[in-house]
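Read in order, the letters of the sequence shown are residues 169 to 439 in my numbering. Note that beta-carbon positions come from the ideal geometry of N, C-alpha and C, so glycine has one too. Predicted, not measured: the structure shown is a model, and the values here were computed from it.
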Amino acid sequence: MLSTGALRAHLLAAGLAGPVATPREKSLRNYRLFAARDPRVTLGLDPEGRWDERDLLRLMADRCGVSGDPGHRTGHDVIDPERTLGALDAFAGRLAAAARRRAPVLFGTGHPHPLLGFYATLADAMSSAGCLVLTPAQGRCVDMTTRFGVRTLLLDYARGVALMRGPRDEGAGCEPGVHTHSPLPVRVALGAAAEAGGPLPELVVGDHGWVCGAGQLGIETIGLADADDPAPFVGEAEGRVAAVVPLDDAVRSDYYRPLTRYVLNRACLSQ
């Protein structure tokens with residue numbers, strides 16, 4: 169069993185919490201964009217509250233531990249490791265509850281390079297616990313707006329985890345490469361599951377648009393989010409996202425392995 173103290177030390181040493189690589193300027197910019205309801209940062213969430221910039225800064229200070237001082241505008245942001253640990257426990261609790269009832273689960277990520285291994289290990293554990301790990305809309309083409317214009321991407325699954333592939337990817341077995349925050353993939357996946365007559369997921373696990381898009385539709389969701397991504401935390405505050413773990417979501421993939429072990433142990437899903 170990985171101790172809380174050992175994981176806290178790892179979070180700080182790996183840059184997952186404490187001072188993180190996320191620039192303060194980027195976080196504040198995203199808070200401004202969210203306050204203006206820019207879809208690039210609302211990630212499929214339609215907030216019920218007003219959520220101006222100061223509201224968002226207070227929320228992120230409470231949920232992540234970033235500085236609540238609006239005059240602090242430069243440098244790196246900070247994530248409180250105690251908040252990360254507490255959120256990991258809540259995340260594990262939701263997984264454990266789904267495993268006990270053998271709920272169908274959908275995993276998806278917009279950060280496949282760093283986070284695929286984290287989700288894939290959880291998907292394998294949930295499958296071993298008797299949960300159906302869903303793969304709806306596999307191979308479906310999705311037209312998505314990117315900074316390069318509209319691109320047709322492929323919704324695929326790697327080790328039970330949904331992700332988007334570019335047109336030049338070689339398919340299963342290749343390194344997944346498309347980074348996206350869009351809620352379109354989860355909408356397409358859920359639409360395909362409904363069209364096929366189910367089953368529908370009782371829990372969605374992921375990040376960015378996967379969490380916010382599913383939560384907006386009333387599905388229980390849990391996930392990871394960085395200090396510059398206010399949407400999942402707003403969703404959590406408004407009751408549409410069940411648990412959000414604050415951490416740097418773009419460090420080396422192997423740095424997330426201790427978190428995986430911790431979550432599996434807390435959820436009693438270790439194999």
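query: What does a CB cutoff of less than 7 Å around A255 pick up in its chain, not counting 5 residues either side in sequence?; result: A411, V412, V413, P414
query: How big is the Cα-Cα spacing for A382 and A418?; result: 22 Å
query: Would L392 and L283 be called neighbours here (beta carbons separated by less than 8 Å)?; result: yes
query: Excluding the 5 residues preceding and the 5 following G377 in the sequence, name in chain order all residues of the same chain whose CB lies nearer than 8 Å to its CB.; result: L211, G212, G278, T348, H349, S350, P351, L352, P353, V354
query: Could I get the ranges of all uninterrupted beta strand (DSSP E) runs contained in the stretch 183 to 207, with 3 residues as the minimum, in chain order?; result: 186 to 191
query: Excluding the 5 residues preceding and the 5 following D220 in the sequence, name in chain order all residues of the same chain whose CB lies nearer than 6 Å to its CB.; result: A203
query: Is it the case that the Cβ atoms of A288 and G328 are separated by a distance below 8 Å?; result: yes
query: Looking only at C-alpha atoms, which of D230, E216, R197 sits nearest to L208?; result: Residue identity check: residue 208 is Arg in the sequence provided, not Leu. Nearest of D230, E216, R197 to R208, Cα basis: R197.
query: By how many angstroms is the C-alpha of G374 removed from the C-alpha of S171?; result: 24 Å
query: Would you call R269 buried or exposed, if buried means 16 or more other Cβ atoms sit within 10 Å of its Cβ?; result: exposed
query: Using the three-state DSSP reduction, which class does E216 fall into: helix, strand or coil?; result: coil
query: Would you check if there are 3 or more beta carbon pairs closer than 8 Å linking the stretch 396 to 410 to the stretch 291 to 303?; result: no
query: Mind checking who V301 pairs with in its DSSP beta bridge?; result: V273
query: Roughly how many angstroms separate the alpha carbons of R192 and G366, rounded to a whole number?; result: 43 Å
query: Rounded to whole angstroms, what is the Cα-Cα separation between V246 and A258?; result: 21 Å
query: Report buried or exposed for P335, applying the criterion of at least 16 other Cβ atoms within 10 angstroms of its Cβ.; result: exposed
query: Within this structure, are the beta carbons of L227 and V379 separated by less than 8 Å?; result: no
query: Alpha carbon to alpha carbon, how far is G285 from R420? Give it in angstroms, no decimals.; result: 11 Å
query: Do you know whose CA, among R429, K194, D394, lies nearest R231's CA?; result: D394
query: Counting along the chain, where does the alpha helix (DSSP H) carrying C436 start and finish?; result: Run containing C436: none; DSSP gives neither H nor E here.
query: Return the first residue and the last residue of the beta strand (DSSP E) that Y423 is part of.; result: No beta strand (DSSP E) holds Y423; DSSP gives it neither H nor E.
query: Round the Cβ separation of Y199 and L180 to the nearest angstrom and send it over; I've been treating them as touching at under 8 Å.; result: About 25 Å; that fails the 8 Å criterion.
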